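Chemist: Mind having a look at this structure? Questions to follow.
Chains as they are written, first to last, in the working numbering: chain A, 1 to 477; chain B, 1001 to 1477.
Below, the structure written as structure tokens:
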């Protein structure tokens, strides 16, 4: 509280107060008549102003740190996360969130609204709660749109065509870190089973976005290794989402029920396969319908109706909304509208997705990772353990590739290392459901940051730029 | 309540209940363990689910009625408004809004969440309030993005180049219906001054979108008349926004203060001109900065940061957030990024703007327009009066065009008739601030609907398709 209030007070003393008092009495009269918030009805415009201010902070943080990361050759998504940490509860405390409604009133957004827009202190808790609720839903819409976009960029046919190698890499790459991570946390650190499973699950999913981007940068996307990595990362994403749905539902009930697991696995499979089969039956009608529509936005709105209906079903049957959004993307990727839709989704994802990553970072209290505090030793040791398991668990999966003499197995393993979007989704869902202890949640965030951070330089090391070794070019379509 | 509950109960009896009881006990066990909402922390996913469901309803209503309107040659925006009326408080009562938090629990969204997603009745008021708040802010973001887009599509240089004719048409076209409407409401109907001014102001602004679209359809956009109409409509939009800012601020204080008017006019002028001048100084740096950025979404996010900062300032100095968004659009339209930005904004506007129009329609209680109820006579007479003033007030402005022998003055006047976006903004702002009585608000909505409804056929009547008369083609660039 000291920091932001001090800053505001200084701002108030130096700039705002003289501005208000020196302008002609006219202005003062008009201001005085309007400044106090004297009813709930007056809150509406202030909530909107608070949301606008929060979005400015979120976008600014995401771009500033994202650009710095891009310049030092790190994935921009990492910058959005770190930007969130900087503006969040760990550092500057600029934003408000629903869970912190009591303490939200000491955030910069609320102070700034009080100073510049006439929010009265008595209505500040109500304003903080409403703003936090809206930002929270916007960030959840962000992850829904991200998963819709990932689904749209995936290709069901390609996904089936990449063959046994990719499937084995994906399955081993999910199973090995999951088993080693969960077992290690339970046996070595005495973590209760459910949080341990959750943290183990967070180790599973490769970030398809980061991996594909790094491969494109070193011009290896169409190499044999590159194709196996991309195929496995796509499968990995699907497996990771099913694992997420399973473990986050488990997290909600607080214990492991075999019936529940079967229900969820069957539910996830039936929901995903059923919606894809049904979707493929219906997509010709969807395309015909969209083609006959004459009003603006027909494709994107029809697609979002479809995605939000599946997301709602996913949420209503106690899976996750993101699973429905992913399925919708995968189904629509099969239609002739894929390219058009991808282009339309880009700017929408651009404005929604950073809200999710910044909010995940902003909600994370990274002060538990301060090595000077002896209470943090356990969190730091856990983080180190998770990072080691995350890297080794994926590297050994490269060794499972069969029937491909001379293939760079190490490169395939390293290519699967970066955890990104889905790993952060685990941290976010775990944080929202309260299942993860703060040290464990922070350890997962550190694991995601470090694997994402280390993978690009490591991949360049073990996988020199195209042309440096005898490459058998795969189909360069 | 009777309708939606009956429908839900039938759905429950026929589909949901058998589904739940007939599926293996496994499913029942898992469902029972999870169905009840037993803490505030559980509300998060349900609020998200409620928002998703609300968006599906909003998008579906906007597209269904919008498409019907497009097919019978009416502007789709009219369909979004009517779609909103259909799903709103007047008819099906599907959505929830902040002001109706007490009665929000009998809406379809809340009933559906209770039936399908396990929302418990005791938490329904809290869920209804949160969902209503989020939808309300999303609709306000919708109008902010709409005005940003209108600003972006405007052209400051063209706006100055269209010359004296357009300026006079714009000024007379704002002043005549404003004066006649306000005076008539006060003198003939005894409406208090502030609401009368508000309703009069709602008569001012021509819908540039609708007018441009109709002119394009009849291939008259580049005719001399078409150019004057478009130029005047652009100016009209700016004047309308200043008038809106002035009258909505007046509405908040409840009375007319000369000091307040001067403060607001000066404030609006200083803010708009100042931000445009300052913006033009800064845009070269903005363009350089965006060109140097390397991460995804750099243009749209930088632009939205700029737009939201101006929108925040607009809201904080007691003007309107939309005025800042419009200024930001106008400034960015001057840069080399205009075309790129316009393309990026299209899908974003496509998903946000319908929320605004549908919510405006949904909040409107059109039952006051039932002619069978004698209490409604005043509202209906007012609506008739407003429609007549709205049409005649614009038609006479066509006669003010000077120095253009042989020009189709009637066509220019009729071209200015459709009120659209901005007229609805007045109704929405008036409704939100509580300044408009229900009959007067409904009368404004009817005026917007009817002028928008009548203008396209009228314009075709007085302005035959290009080539039917001796056209002097203006620069067909």
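Just so it is clear, CB atoms sit at the ideal spot from N, CA and C, and this is done for glycine as well. The structure presented is a predicted model; accordingly, all values stated were derived computationally and were not measured.
Can you check whether the C-beta of residue 1298/B is within less than 9 Å of a C-beta belonging to chain A?
Modeler: Interface residue, yes.
Chemist: Please go through the same chain and pick out, in chain order, the residues whose beta-carbon is closer than 6 Å to the beta-carbon of residue 1135/B, but skip the five residues on each side of it.
Modeler: 1054, listed in sequence order.
Chemist: Determine contact between the stretch 1079 to 1094 of chain B and the stretch 1356 to 1375 of chain B, defined as no fewer than three beta-carbon pairs at a distance below 8 Å.
Modeler: Touching, yes, given that three or more Cβ pairs across the two stretches are closer than 8 Å.
Chemist: How do the stretch 1360 to 1374 of chain B and the stretch 1177 to 1194 of chain B stand: do at least 3 beta-carbon pairs fall below 8 Å, yes or no?
Modeler: Counting Cβ pairs under 8 Å, fewer than three are found: no touch.
Chemist: Work out the CA separation of residue 150/A and residue 303/A for me, nearest whole Å.
Modeler: C-alpha separation (whole angstroms): 14 Å.
Chemist: According to the neighbour-count rule (16 or more other Cβ atoms, all chains shown, within 10 Å of its Cβ), is residue 48/A buried or exposed?
Modeler: Result: buried.
Chemist: In three-state DSSP terms, what is residue 1405/B?
Modeler: In the structure shown, residue 1405/B sits in coil (DSSP, three-state: anything other than H, G, I, E or B).
Chemist: Any C-beta of chain A within less than 9 Å: which residues of the stretch 1340 to 1364 of chain B qualify?
Modeler: Cβ contacts with chain A: 1343, 1344, 1345, 1346, 1347, 1348, 1349, 1350, 1351, 1353 and 1354.
Chemist: Whole angstroms is fine: what's the gap from residue 1311/B's alpha carbon to residue 52/A's?
Modeler: If you take the alpha carbons of residue 1311/B and residue 52/A, they lie about 8 Å apart.
Chemist: When you compare each of 413/A, 437/A, 431/A and 196/A to residue 451/A by their alpha carbons, which one comes out closest?
Modeler: The shortest C-alpha separation from residue 451/A is found at 413/A.
Chemist: Does the separation of the CB atoms of residue 211/A and residue 177/A fall below 9 Å?
Modeler: Not a contact, by the Cβ cut-off of 9 Å.
Chemist: Along chain B, which residues have their Cβ under 7 Å away from the Cβ of residue 45/A?
Modeler: Residues of chain B passing the Cβ test: 1315.
Chemist: Exposed or buried, which one is residue 21/A when buried takes at least 16 other CB atoms within 10 Å?
Modeler: Interpretation of residue 21/A is limited by its pLDDT of 36, a score under 50 that renders its predicted location unreliable; no figure is taken from the coordinates.
Chemist: Distance check for residue 288/A and residue 295/A, CA to CA, integer angstroms please.
Modeler: Using only the alpha carbons, I get a separation of about 15 Å.
Chemist: If you draw a straight line from the alpha carbon of residue 400/A to that of residue 458/A, how long is it in whole angstroms?
Modeler: Whole-angstrom Cα-Cα distance: 20 Å.
Chemist: At the level of alpha carbons, what is the spacing between residue 307/A and residue 1191/B?
Modeler: Using only the alpha carbons, I get a separation of about 47 Å.
Chemist: Mapping DSSP to helix, strand and coil, what is residue 1371/B?
Modeler: Three-state result, residue 1371/B: coil.
Chemist: Can you pull the chain D residues whose beta carbon is under 7 Å from the beta carbon of residue 66/A, in chain order?
Modeler: No chain D is part of this structure, whose protein chains are labelled A and B.
Chemist: From the beta carbon of residue 336/A, is the nearest beta carbon of chain B less than 9 Å away?
Modeler: By this cut-off, residue 336/A is not an interface position.
Chemist: According to DSSP, is residue 1363/B part of a helix, a strand, or is it coil?
Modeler: In this structure, residue 1363/B counts as helix in the three-state DSSP scheme.
Chemist: Taking 8 Å as the threshold, find out whether the stretch 1332 to 1341 of chain B comes into contact with the stretch 1271 to 1291 of chain B through three or more Cβ pairs.
Modeler: At 8 Å Cβ cutoff, the stretches touch.
Chemist: Assign residue 377/A to one of two classes, buried (16 or more other C-beta atoms within 10 Å of its C-beta) or exposed (fewer than that).
Modeler: Residue 377/A should be labelled exposed.
Chemist: Once DSSP output is grouped into helix, strand and coil, what is the label at residue 1314/B?
Modeler: Residue state, collapsed to three classes: helix.
Chemist: Can you have a look at residue 1123/B and say buried or exposed, based on whether 16 or more other CB atoms are within 10 angstroms of its CB?
Modeler: Buried.
Chemist: Identify whether residue 382/A lies in helix, strand or coil by the three-state DSSP scheme.
Modeler: DSSP places residue 382/A in helix when its eight states are reduced to three.
Chemist: Do residue 1121/B and residue 1104/B count as a contact pair if the criterion is CB distance below 9 Å?
Modeler: Result no, Cβ atoms of residue 1104/B and residue 1121/B do not sit closer than 9 Å.
Chemist: Flag this pair as yes or no: are the beta carbons of residue 1340/B and residue 1301/B separated by less than 9 Å?
Modeler: Result no, Cβ atoms of residue 1340/B and residue 1301/B do not sit closer than 9 Å.
Chemist: By the DSSP assignment, the alpha helix (DSSP H) with residue 1419/B in it spans what residues?
Modeler: Element bounds for residue 1419/B: n/a, residue is neither H nor E.
Chemist: Using a Cβ-Cβ cutoff of 7 Å, what residues of the stretch 46 to 65 of chain A are near chain B? List them in chain order.
Modeler: Cβ contacts with chain B come from 47, 48, 49, 51, 52, 53, 55, 56, 59, 60 and 63.
Chemist: Tell me whether the beta-carbon of residue 1169/B lies closer than 9 Å to the beta-carbon of residue 1228/B.
Modeler: Cβ atoms of residue 1169/B and residue 1228/B: closer than 9 Å.
Chemist: For residue 411/A, which residues from the same chain have a beta carbon less than 6 Å from its beta carbon, with the 5 sequence-adjacent residues on both sides left out?
Modeler: Only 225, 462 and 463 meet the Cβ criterion.
Chemist: For residue 120/A, report the span of its alpha helix (DSSP H) as first-last.
Modeler: Segment: none, residue 120/A is in no alpha helix (DSSP H) and carries neither H nor E.
Chemist: Is the Cβ-Cβ distance between residue 109/A and residue 92/A less than 9 Å?
Modeler: No.
Chemist: Given a threshold of 16 other Cβ atoms within 10 Å of its Cβ, counted over all protein chains shown, does residue 279/A qualify as buried or as exposed?
Modeler: With 16 or more Cβ atoms within 10 Å of its Cβ, residue 279/A is classed as buried.
Chemist: Output the boundary residues of the alpha helix (DSSP H) element that contains residue 199/A.
Modeler: 193 to 202 is the extent of the alpha helix (DSSP H) around residue 199/A.
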